[in-house]
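Below is one structure; the comments refer to it alone.
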Amino acid sequence: MIIKKYIGRTEEEAISLARADLGEGMSIMNTKEVNPHGIFKFFRKPSFEVTAAIDEIQKEENKTVKKDDEMPDFGKLQQALNDKQFAPAPDSKAAQKEAERERLLKSSQILGDEPEEDKDKEDSSGIEQKLNTLQDLLEKQMIMSREEEKDEKERVVDKNQAYLDLIRKQLMQNEVEESYVNQIIEEIEGTLGPNSTLDNILAGVYQKIVLKIGSPRLIDLKTKYTKYIFFIGPTGVGKTTTIAKIASMMKLANKSNVALVTSDTYRIAAIEQLKVYANILGIPLNVVYAAEELEKLKDEQNGYDLVLVDTAGRSHNNEEQKEDIVRLLKTVPESEREIFLVLSATTKYQDLVRITSVYSEICRYNLIFTKLDETDKIGNIFNIHILTGAPLSYVTEGQNVPNDISKIDAQKIAKQLLGGNS
40 MIIKKYIGRT EEEAISLARA DLGEGMSIMN TKEVNPHGIF KFFRKPSFEV TAAIDEIQKE
100 ENKTVKKDDE MPDFGKLQQA LNDKQFAPAP DSKAAQKEAE RERLLKSSQI LGDEPEEDKD
160 KEDSSGIEQK LNTLQDLLEK QMIMSREEEK DEKERVVDKN QAYLDLIRKQ LMQNEVEESY
220 VNQIIEEIEG TLGPNSTLDN ILAGVYQKIV LKIGSPRLID LKTKYTKYIF FIGPTGVGKT
280 TTIAKIASMM KLANKSNVAL VTSDTYRIAA IEQLKVYANI LGIPLNVVYA AEELEKLKDE
340 QNGYDLVLVD TAGRSHNNEE QKEDIVRLLK TVPESEREIF LVLSATTKYQ DLVRITSVYS
400 EICRYNLIFT KLDETDKIGN IFNIHILTGA PLSYVTEGQN VPNDISKIDA QKIAKQLLGG
460 NS
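Using our numbering, read the sequence shown as starting at 40 and increasing by one per residue.
Right under this line is the structure:
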């Protein structure tokens with residue numbers, strides 16, 4: 040019994056190949072569709088495999104009646120290529136090899152080509168070479184595409200980086216702490232697109248700064264009880280003048296009922312200065328020498344909306360003076376008081392870090408910055424706000440009372456930090 044397999048583009052073609060090879064007496068044992076695998080699935084269509092069988096005696100008889108001048112058709116040539124890929128059944132290897140050799144020899148003689156066995160190798164080699172060449176071409180195209188994409192991204196990154204470096208330089212020239220500058224730049228970098236312009240990037244940084252500064256925390260006037268407003272801070276920052284400005288603003292603009300208290304008995308000039316402002320505004324001023332005296336005054340001041348308390352300028356390195364402030368603050372419950380730490384915008388950053396650190400141990404506070412008219416570097420306002428997390432409240436820009444004071448304007452500060460006009 041001879042059993043062989045045949046491959047055709049269609050089932051009918053495979054059967055025709057089997058019939059042409061084995062003769063009319065052959066029997067179809069099995070048919071199945073064969074799908075190519077791997078990379079070949081992109082270049083070859085499915086084919087059909089037919090398994091056919093014939094008795095060896097009948098096969099020899101068919102060969103004797105076969106005409107010598109029978110021409111092989113395309114299917115046989117196709118089969119010659121396909122037979123290389125499919126092994127015959129174990130019991131028919133020798134017979135298959137002989138029949139295949141005869142068929143290939145006839146095909147090569149008729150077509151005037153080299154023996155089909157060699158042609159098969161060349162064709163297979165040619166297909167493989169073409170596939171390898173195509174694969175190389177595709178890989179090169181992919182590499183070129185990736186390189187072009189990388190180059191484009193690098194050009195975009197270089198352009199964006201140049202803009203960010205320019206903004207970084209401007210912020211640091213305004214004495215914004217480098218770590219905070221880097222934080223802003225890093226947050227912006229992740230949002231930049233390939234078509235970002237300097238205006239786009241600048242607008243993004245501007246919005247970041249505005250959001251980080253936030254809304255000003257102003258004195259709360261919506262209370263049903265007397266609110267005590269304490270002003271603390273080092274000497275020489277302008278606390279007394281700031282209190283006079285706020286008292287004027289509350290009395291004249293907000294129509295609040297205001298009283299003044301000072302515990303700064305170390306400086307006679309401070310007391311006299313507040314007396315002048317109190318007389319002009321028509322509001323009372325009380326001087327206290329100890330925390331107990333402020334506590335006694337509370338009953339007398341219940342009818343006022345606000346009591347503004349000036350404290351003595353203390354050294355943040357003096358523990359005894361720190362305790363004096365703590366005792367003074369404790370005379371008023373937290374719910375009935377607000378505390379404002381007054382700092383000068385002209386103070387060095389490292390000094391501000393030490394000052395705010397000491398006062399942070401004492402209480403929670405809001406920030407007032409004075410003397411903005413004496414410096415063109417306002418980075419410390421942003422720095423200390425980020426460092427302490429304390430809300431920004433007011434800024435002063437001169438000695439005139441009741442003028443030269445305003446609430447913190449985040450947009451104005453951001454514009455100045457970026458080099459714009461205020």
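Even glycine gets a Cβ: it sits at the ideal position worked out from N, Cα and C.
Ranked by Cα distance from Gly-64, the first of Glu-51, Arg-306, Ile-93 is Ile-93. In the DSSP assignment, Phe-270 forms a beta bridge with Asp-349, Phe-379. In this structure, Val-348 lies near Phe-269, with their beta-carbon atoms less than 9 Å apart. DSSP places Val-392 within a helical segment (H, G or I) once states are collapsed to three. Runs of the alpha helix (DSSP H) lying entirely within the stretch 232-280, each at least 4 residues long, are 237-252 in chain order. Setting aside the 5 residues that flank it on each side, Ala-91 is surrounded in the same chain by Lys-43, Tyr-45, Ala-57, Leu-61, Met-65, Ser-66, Ile-67, Met-68, each with a C-beta closer than 7 Å to its C-beta; the list follows chain order. With respect to the 9 Å criterion, Leu-426 and Glu-225 are not classified as neighbours on the basis of their beta carbons. It is roughly 14 Å from the alpha-carbon of Gln-209 to the alpha-carbon of Gln-200.
Excluding the 5 residues flanking it on each side, Glu-72 has same chain C-beta neighbours closer than 7 Å at Pro-85, Phe-87, in chain order. In this structure, DSSP gives Ser-66 an extended state, which the three-state scheme calls strand. Between Ile-248 and Ala-384, the CB-CB gap reaches or exceeds 9 Å. Between the stretch 370-384 and the stretch 259-274 there are three or more inter-stretch CB-CB distances shorter than 8 Å, so the stretches are counted as touching. The C-alpha of Ala-429 is placed about 30 Å away from the C-alpha of Asn-239. Taking 9 Å as the cut-off, the beta carbon of Leu-382 is found no closer than this to the beta carbon of Gly-458.
When only Cα atoms are considered, Thr-236 and Lys-454 end up about 18 Å apart. Taking C-alpha positions only, Leu-241 is separated from Lys-387 by approximately 27 Å. In this structure, Gly-342 lies away from Asn-293, with their beta-carbon atoms at least 9 Å apart.
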